[in-house]
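This report concerns only the one structure given below.
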DNA sequence: GCATATTTGTCCGTATGTATA
DNA sequence: CTATACATACGGACAAATATG
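Protein chains in written order, with this note's numbering: chain A, 1 to 228; chain B, 1 to 228.
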């Protein structure tokens, strides 16, 4: 049995030897995206530093990392708070995603070799999760799908900004129920995009992706303002 | 006499009440982009903290900011060093710029109101600097021009990533002489782009921008590897 | 509006581990 | 291999700002 090592180097950013501050940041990041720390909640230096057994100095470095990733906001002399996304943030987030993801596909079209294995893997994961009716897992697979799309550009910086933007997007997903009617349409769009990519139809894939992102934005905004 | 306040809010990110760490980071940022700290040079905690009169704790927070902006690299237990750009970095940088700047123009085309005043201002500055044969100033004006282009999208996050990418680009400009033959072609391209934008020809402007960025990349790479 | 308690911002001293001459 | 310099991380201190009653 052989191991598929293709695309593994895209995970290299996870391997870097990390200091305490980054490990602490990883824990807090998980707590935030899991909703343990609610949006708007203050992250207290004394309670968290004693709870995790790290000094305040180190914890403050972790806070700065989170603030730079926009998962938290720092207010001078008031502390750091879990980010609260507004409707404008959603719109902005999707403007960036359209520019970044579509730009990545355009760049991929220029490259001689494009490895779709990670994109296919994410789609497979999404399908099996949907079969098990595990909608949070479908959401996670969707995140991976879009990250894999951005990674097609082969650009370290595009991948990095995509990671950041998707972390913010996940921040919003926490708030809303993970329902079938919300996630199910995503899968069919993903399949259409991958279908086009397999045939080298990058322009069709880009158009489908653009439509998909506009639709997702509209439905997210609809969820956040339940006017009916 | 009235003051033109249009677009001033795009400078708001400079006004935020900042702690010592961010002020220190601003100083170091200037030193790096001015070439006072050479690429690859180590930024020593003891000497800089004593020189600036801040504690090492605070200085470490500043270092983290610079590392996040990719102006410095942090190696565990070894310290932080001024970033050294490779040829691959240049290519990556311009891949990102094509995606971001062209994406910004596409977004601007969708908006009802587009304020070109900052773009025009940057072009005027570039022209007067070129008239005075002040080529470093021409380079600065060029940076402002491209930032203004990205700002047309009206997206806080696109503007932020553009600031970051341009800071990195400037990091490379430091190394090379600022000569007439390098900067002069930039101005004519800028004029073409602005000309198209004024007439609402966003697609033509985007095409010109894309060509311009590919050309600039090629000439930068040519400068960095003087094979002749 | 005021006094108090809490929290952050910043500094210092120090012990430990790591890299390098 | 040893020695030295440095980064890492900790704990304590105090002033300043903020929140609370």
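We treat Cβ as the ideally placed atom computed from N, Cα and C, and that holds for glycine.
Item to check | Outcome for residue 131 of chain A when other beta-carbon atoms lying within 10 angstroms are tallied against a minimum of 16 | outcome: Locating residue 131 of chain A in the first chain gives position 131, where the first residue counts as 1. With fewer than 16 other Cβ atoms within 10 Å, it is exposed.
**OP:** Compare the beta carbon distance of residue 118 of chain B and residue 148 of chain B with 8 Å and say whether it is the shorter of the two.
**Re:** Taking the first residue of the second chain as position 1, residue 118 of chain B is located at position 118. Taking the first residue of the second chain as position 1, residue 148 of chain B is located at position 148. Yes.
Closer than 8 Å to chain A by CB, residue 146 of chain B
Within the second chain, the letter at position 146 stands for residue 146 of chain B. With 8 Å as the cut-off, residue 146 of chain B does not count as an interface residue toward chain A.
Segment contact, 8 Å Cβ cut-off, at least three pairs: the segment 68-87 of chain B with the segment 30-37 of chain B
yes
Note to self: For the beta strand (DSSP E) containing residue 81 of chain A, name the first residue and the last one.
What the structure shows: Locating residue 81 of chain A in the first chain gives position 81, where the first residue counts as 1. Run containing residue 81 of chain A: 79-82, per the beta strand (DSSP E) assignment.
For this session: Evaluate the contact criterion for the segment 192-206 of chain B versus the segment 100-109 of chain B: three or more CB pairs, one atom per stretch, below 8 Å.
Result: yes
Worksheet item: Which residues, taken in chain order from the segment 96-112 of chain A, show a beta carbon closer than 8 Å to some beta carbon of chain B?
Response: 96, 98, 99, 100, 102, 103, 104, 106, 107
Completely contained beta strand (DSSP E) runs for the segment 13-93 of chain A, where each covers 3 or more residues
Secondary structure within the segment 13-93 of chain A: the beta strand (DSSP E) runs of 3 or more consecutive residues, fully enclosed, are 72-75, 79-82 (chain order).
Beta carbon of residue 76 of chain B nearer than 8 Å to that of residue 25 of chain B:
Within the second chain, residue 76 of chain B is the residue found at index 76, counting from 1. Within the second chain, residue 25 of chain B is the residue found at index 25, counting from 1. Cβ distance not < 8 Å, so residue 76 of chain B and residue 25 of chain B don't count as in contact.
| message | How far does the alpha helix (DSSP H) with residue 116 of chain A in it extend, from its first residue to its last? | response | Translated into the one-based positions of the first chain, residue 116 of chain A becomes position 116. No alpha helix (DSSP H) holds residue 116 of chain A; DSSP gives it neither H nor E.
Can you list, in chain order, the residues of the segment 79-92 of chain A whose Cβ is nearer than 7 Å to any Cβ on chain B? So the list reads 92, given in the order they occur along the chain.
- Query: Can you give the Cα-Cα distance for residue 196 of chain B and residue 189 of chain B, rounded to whole angstroms?
  - Reply: For this step, residue 196 of chain B is matched to residue 196 along the second chain. For this step, residue 189 of chain B is matched to residue 189 along the second chain. About 11 Å.
Leaving out five residues on either side along the sequence, give the residues of the same chain with a beta carbon under 7 Å from the beta carbon of residue 58 of chain B. Counted from its first residue, the second chain places residue 58 of chain B at position 58. Excluding positions up to five away in sequence, the list reads 20, 21, 24.
Closest by CA to residue 209 of chain B, which one among B/68, B/222, B/186? Numbered from its first residue, the second chain carries residue 209 of chain B at position 209. Here the closest residue by C-alpha is B/186.
Whole-angstrom C-beta distance between residue 71 of chain B and residue 220 of chain B, which should lie under 8 Å: The count along the second chain starts at 1 and reaches residue 220 of chain B at position 220. The count along the second chain starts at 1 and reaches residue 71 of chain B at position 71. Their Cβ separation, rounded to whole angstroms, is 18 Å, which puts residue 220 of chain B and residue 71 of chain B out of contact at 8 Å.
*Should residue 157 of chain B be flagged as near chain A, meaning a C-beta pair shorter than 8 Å?*
What you label residue 157 of chain B is simply residue 157 of the second chain in a count that begins at 1. Yes, residue 157 of chain B counts as interfacial toward chain A.
Tell me the DSSP secondary structure of residue 179 of chain B in three-state form.
In the second chain, the residue the question calls residue 179 of chain B occupies position 179. Here residue 179 of chain B sits in coil by DSSP.
message = My output table needs one value for residue 134 of chain B: the three-state DSSP class, helix, strand or coil.
response = Residue mapping note: residue 134 of chain B aligns to position 134 of the second chain, counting from 1. Of the three classes helix, strand and coil, the one that applies to residue 134 of chain B here is coil, per DSSP.
ask   = If the cut is a Cβ gap below 7 Å, which residues of chain B does residue 68 of chain A touch?
value = By 1-based counting over the first chain, the position of residue 68 of chain A is 68. In chain order: 68.
>> Classify residue 50 of chain B: buried if its beta carbon has 16 or more other beta carbons within 10 angstroms, exposed otherwise.
In response: Indexing the second chain from 1 puts residue 50 of chain B at position 50. Burial call: exposed.
At which residues does the alpha helix (DSSP H) containing residue 166 of chain B begin and terminate?
Here the question's residue 166 of chain B lines up with position 166 in the second chain. Where residue 166 of chain B is concerned, the enclosing alpha helix (DSSP H) stretches over 156-173.
So, with DSSP's three-state summary, where would you put residue 211 of chain B? On the second chain, position 211 is the one that residue 211 of chain B refers to. Correct three-state label for residue 211 of chain B: helix.
For the segment 177-210 of chain B, enumerate the residues whose C-beta is nearer than 9 Å to any C-beta of chain A, in chain order. none
Look at the Cβ atom of residue 101 of chain B, then the Cβ atom of residue 144 of chain B, and state whether they are nearer than 8 Å.
Here residue 101 of chain B is taken as the residue at index 101 of the second chain, counted from 1. Here residue 144 of chain B is taken as the residue at index 144 of the second chain, counted from 1. No, these two residues do not count as a Cβ contact at 8 Å.
Exercise for review: Give the interface partners of residue 153 of chain A over in chain B, defined as CB-CB distance under 7 Å, in chain order.
Suggested key: Sequence index remark: in the first chain, residue 153 of chain A carries index 153 (1-based). Neighbours of residue 153 of chain A on chain B, chain order: 95.
| request: State the Cα-Cα distance for the pair residue 180 of chain B and residue 78 of chain A, rounded to the nearest angstrom. | output: Translated into positions along the second chain, residue 180 of chain B becomes position 180. Translated into positions along the first chain, residue 78 of chain A becomes position 78. So the two alpha carbons sit approximately 50 Å from each other.
Give the secondary structure of residue 139 of chain B by DSSP, where H, G and I count as helix, E and B as strand, and everything else as coil.
Taking the second chain and counting its residues from 1, one reaches residue 139 of chain B at position 139. The answer is helix: DSSP assigns residue 139 of chain B an H, G or I state.
Cβ of residue 60 of chain A within 8 Å of Cβ of residue 61 of chain B? As a working mapping, residue 60 of chain A is identified with position 60 in the first chain. As a working mapping, residue 61 of chain B is identified with position 61 in the second chain. Contact: yes.
Quick one: is residue 161 of chain A near chain B, going by C-beta distance under 8 Å? As a first step, residue 161 of chain A must be located in the first chain, where it is residue number 161. Taking CB atoms only, residue 161 of chain A has a neighbour in chain B less than 8 Å away.
Discussion item. Against chain A, with Cβ distances strictly below 8 Å, would residue 6 of chain B count as a contact?
Written reply: In the second chain, residue 6 of chain B corresponds to position 6, counting from 1. Unreliable placement is indicated for residue 6 of chain B, whose pLDDT of 47 sits below 50; the coordinate value is still reported in the next sentence. No, because no Cβ of chain A sits closer than 8 Å to the Cβ of residue 6 of chain B.
Report task. Could you name the residues of the same chain whose beta carbon sits closer than 8 Å to that of residue 27 of chain A, not counting the 5 residues immediately before and after it, in chain order? Result -> On the first chain, position 27 is the one that residue 27 of chain A refers to. If you ignore the 5 residues before and after residue 27 of chain A, its C-beta comes within less than 8 Å of the C-beta of 52, all in its own chain and listed in chain order.
Do the CB positions of residue 122 of chain A and residue 129 of chain A come within less than 8 Å of each other? Within the first chain, residue 122 of chain A is the residue found at index 122, counting from 1. Within the first chain, residue 129 of chain A is the residue found at index 129, counting from 1. Cβ atoms of residue 122 of chain A and residue 129 of chain A: not closer than 8 Å.
What residues in its chain sit with their C-beta under 8 Å from that of residue 191 of chain B, if we drop five residues either side in the sequence?
Numbered from 1 along the second chain, position 191 holds the residue referred to as residue 191 of chain B. Result list for residue 191 of chain B: 123, in chain order.
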